[in-house]
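Written below as structure tokens is the structure these notes are about.
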Amino acid sequence: MLTLLATMIFVVRCGSDDPAPLVKITGKVIYNNAAGQPSNAVGAVVYLAKSATATTNFDQSTIADANGSYSFSNLSAGTYFVNAKYDTDNKNVTARLNGLLFTGAGSIVVVENSDVTQDVTLVSSGQSGAGIETLAANYTWTGTTFANTGAWTFDASHSPVNFEFPYRGNEADFSGSFSQINKFVVNFDPANPTAGSIVAEVDLASVNTRTPGGRDNRTTVADNPLFSPLTDFTELGCIMGTFGITADNATPTDAVPQKITQNADRYAKFTSTSIATYGDGYIAKGNMIFHGITFPMSLWFKVVPSWLDTSNNRKYSGFEGKFLMNAKNDFAITSSSVNDAIIKIHISIVLYKQP
448 MLTLLATMIF
458 VVRCGSDDPA
468 PLVKITGKVI
478 YNNAAGQPSN
488 AVGAVVYLAK
498 SATATTNFDQ
508 STIADANGSY
518 SFSNLSAGTY
528 FVNAKYDTDN
538 KNVTARLNGL
548 LFTGAGSIVV
558 VENSDVTQDV
568 TLVSSGQSGA
578 GIETLAANYT
588 WTGTTFANTG
598 AWTFDASHSP
608 VNFEFPYRGN
618 EADFSGSFSQ
628 INKFVVNFDP
638 ANPTAGSIVA
648 EVDLASVNTR
658 TPGGRDNRTT
668 VADNPLFSPL
678 TDFTELGCIM
688 GTFGITADNA
698 TPTDAVPQKI
708 TQNADRYAKF
718 TSTSIATYGD
728 GYIAKGNMIF
738 HGITFPMSLW
748 FKVVPSWLDT
758 SNNRKYSGFE
768 GKFLMNAKND
778 FAITSSSVND
788 AIIKIHISIV
798 LYKQP
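This note's numbering puts the first residue of the sequence shown at 448, with every later residue one more than the last.
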């Protein structure tokens with residue numbers, strides 16, 4: 448009898464000390480892509496905190512997989528806060544514009560004794576903070592010179608357009624730039640971005656891959672490639688053929704410089720058709736004309752907060768933006784140097800005015 452009683456006590460005590468089952472919180476991270484369609488946020492960083500209120504002090508994090516799915520395992524009963532952020536380049540960093548950041552409000556999740564599913568939906572918040580001003584600039588070739596007629600002056604010498612892509616689609620990044628924008632017209636109000644517009648035209652003859660007379664054009668001005676629609680060349684680089692640009696005169700000499708003033712393909716032009724918030728920045732959708740082809744493209748961009756340079760008493764602002772281009776599929780560029788590589792095109796627009 449004593450043995451039986453001791454056994455019953457032991458069994459009761461064991462049952463009362465059994466730990467609650469450990470469970471999981473799983474779900475997907477979703478955002479609206481550039482086309483406005485719900486998409487999996489592959490590579491999003493997902494955060495978890497044991498908290499009954501929204502917080503930025505998290506206990507652990509994980510990365511959403513190729514399906515946008517995440518999982519936190521071995522969780523005890525309690526209340527948790529789940530949130531996520533997603534950078535379109537999966538870098539989750541600031542500084543030079545690589546991608547735009549999507550964030551969410553987060554969700555309170557109550558965990559008891561079974562697994563919980565909680566999706567995280569991220570939103571476009573647009574850009575906020577001090578110094579995000581209304582920008583209006585008009586930099587246009589008039590037929591004889593470039594003219595600035597907007598409220599802000601376009602700083603052509605400090606507004607490069609850079610590109611990079613893996614050489615032959617596989618090897619180390621190949622990079623270059625265009626040193627002359629032929630036209631830049633912008634009207635942008637951060638309080639009303641949908642009313643804005645952007646027109647940018649790049650002079651492809653101003654390409655610079657650091658090989659004048661090889662890939663690049665050689666101008667008649669030694670070591671000083673000042674480009675305009677009237678620029679003369681002593682030699683066209685091979686990249687002009689890649690762009691589909693031919694000379695007005697077939698055989699250049701020092702006495703008879705080569706011109707490409709009559710070739711419409713000399714200029715790549717982007718004209719926006721809409722601007723909207725996208726992540727923590729903006730997306731301008733529009734049409735790109737390049738290599739004789741018009742193709743819809745999107746420009747991701749952020750505004751550079753204005754700042755005052757006391758050395759010249761100028762207020763500066765501008766844009767940081769990025770295009771992604773498939774030169775072969777989108778614009779019929781057949782160069783083996785590019786193949787099927789995606790080309791990243793970074794633009795840095797510097798504007799200034801008197802404060």
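Ideal Cβ placement from N, Cα and C applies to all residues, glycine included. Given the structure is predicted, the values throughout are model-derived calculations rather than measurements.
For the 8 Å CB-CB criterion, glutamine 565 and valine 557 do not form a contact. Per DSSP, glycine 578 lies in no beta strand (DSSP E) and is assigned neither H nor E.
The C-alpha of alanine 779 is placed about 10 Å away from the C-alpha of glycine 691. The residue among Val567, Ile510, Thr724 and Val632 with its C-alpha nearest the C-alpha of alanine 594 is Val632. Here DSSP, grouped into helix, strand and coil, assigns proline 640 to helix. Beta-carbon to beta-carbon, asparagine 629 and tryptophan 588 are separated by about 6 Å, close enough to satisfy the 8 Å threshold. CA-CA distance, threonine 581 to serine 758, rounds to 23 Å. Within the DSSP secondary-structure output, histidine 793 pairs in a beta bridge with Asn609 and Lys769. For isoleucine 686, the three-state secondary structure derived from DSSP is helix. Distance from the CA atom of isoleucine 722 to the CA atom of phenylalanine 635, rounded to whole angstroms, is 9 Å. By the criterion of a C-beta distance shorter than 6 Å, glutamate 648 is surrounded in its chain by Asn629, Lys630, Tyr714 and Lys716, once the five residues flanking it on both sides are discounted.
Per the C-alpha coordinates, the member of Ser606, Asn585 and Val608 positioned closest to tryptophan 599 is Asn585. Less than 8 Å divides the Cβ of threonine 550 from the Cβ of lysine 532. Serine 518 is classed as exposed because its beta carbon has fewer than 16 other beta carbons within 10 Å across all chains shown. Residue burial is scored here from C-beta neighbours: histidine 738 has at least 16 other C-beta atoms within 10 angstroms and is therefore classed as buried.
When the alpha-carbon of threonine 724 is set against those of Phe742, Ile740 and Leu746, the nearest one is in Leu746.
The criterion of a C-beta distance shorter than 8 Å is not satisfied by isoleucine 736 and glycine 768. The beta carbon of leucine 569 sits closer than 8 Å to the beta carbons of Val476, Ile477, Tyr478, Ala488, Ala491, Ala531, Lys532, Tyr533, Phe549, Thr550 and Gly551 from its chain, once the five residues preceding and following it are set aside; these are given in chain order. Alanine 499 counts as exposed, since fewer than 16 other beta carbons sit within 10 angstroms of its beta carbon.
Under DSSP, arginine 665 forms a beta bridge with Glu682. If one requires a minimum length of 3 residues, the beta strand (DSSP E) runs lying completely within the stretch 699–726 are 714–725, in chain order. Aspartate 650 carries a strand assignment under DSSP once its states are collapsed to helix, strand and coil. Under the DSSP definition of a beta bridge, leucine 522 partners with Val470. Annotation: alanine 652 to asparagine 617 spans about 26 Å, alpha carbon to alpha carbon. Rounded to whole angstroms, phenylalanine 766 and valine 750 show a C-alpha spacing of 5 Å.
Selection Gly728, Lys762 and Ser783 evaluated against glycine 573 yields Gly728 as nearest (Cα-Cα). Annotation for lysine 497: no alpha helix (DSSP H) segment contains it, and DSSP assigns it neither H nor E. Nearest in C-alpha terms to leucine 547, of all of Gly590, Asp787 and Ser571, is Ser571. For aspartate 679, same chain residues with a beta-carbon under 8 Å away, outside a window of 5 residues either side, are Thr666, Thr667, Pro704, Gln705 and Lys706 in chain order. Distance from the CA of tyrosine 494 to the CA of methionine 772, rounded to the nearest whole angstrom, comes to 33 Å. Nearest C-alpha to phenylalanine 674 among Thr741, Gln627, Gly684 and Ser508: Gln627. Sorting Asp712, Val529 and Ser486 by C-alpha distance to the C-alpha of threonine 741 places Asp712 at the top. Put simply, the backbone Cα of alanine 638 is about 27 Å away from that of isoleucine 792. Membership of phenylalanine 621 in any alpha helix (DSSP H) is not indicated; the residue belongs instead to the beta strand (DSSP E) covering 620–625. Looking at the DSSP output, arginine 615 sits in no beta bridge, so it has no partner there. In this structure, glycine 684 lies near glycine 660, with their beta-carbon atoms less than 8 Å apart.
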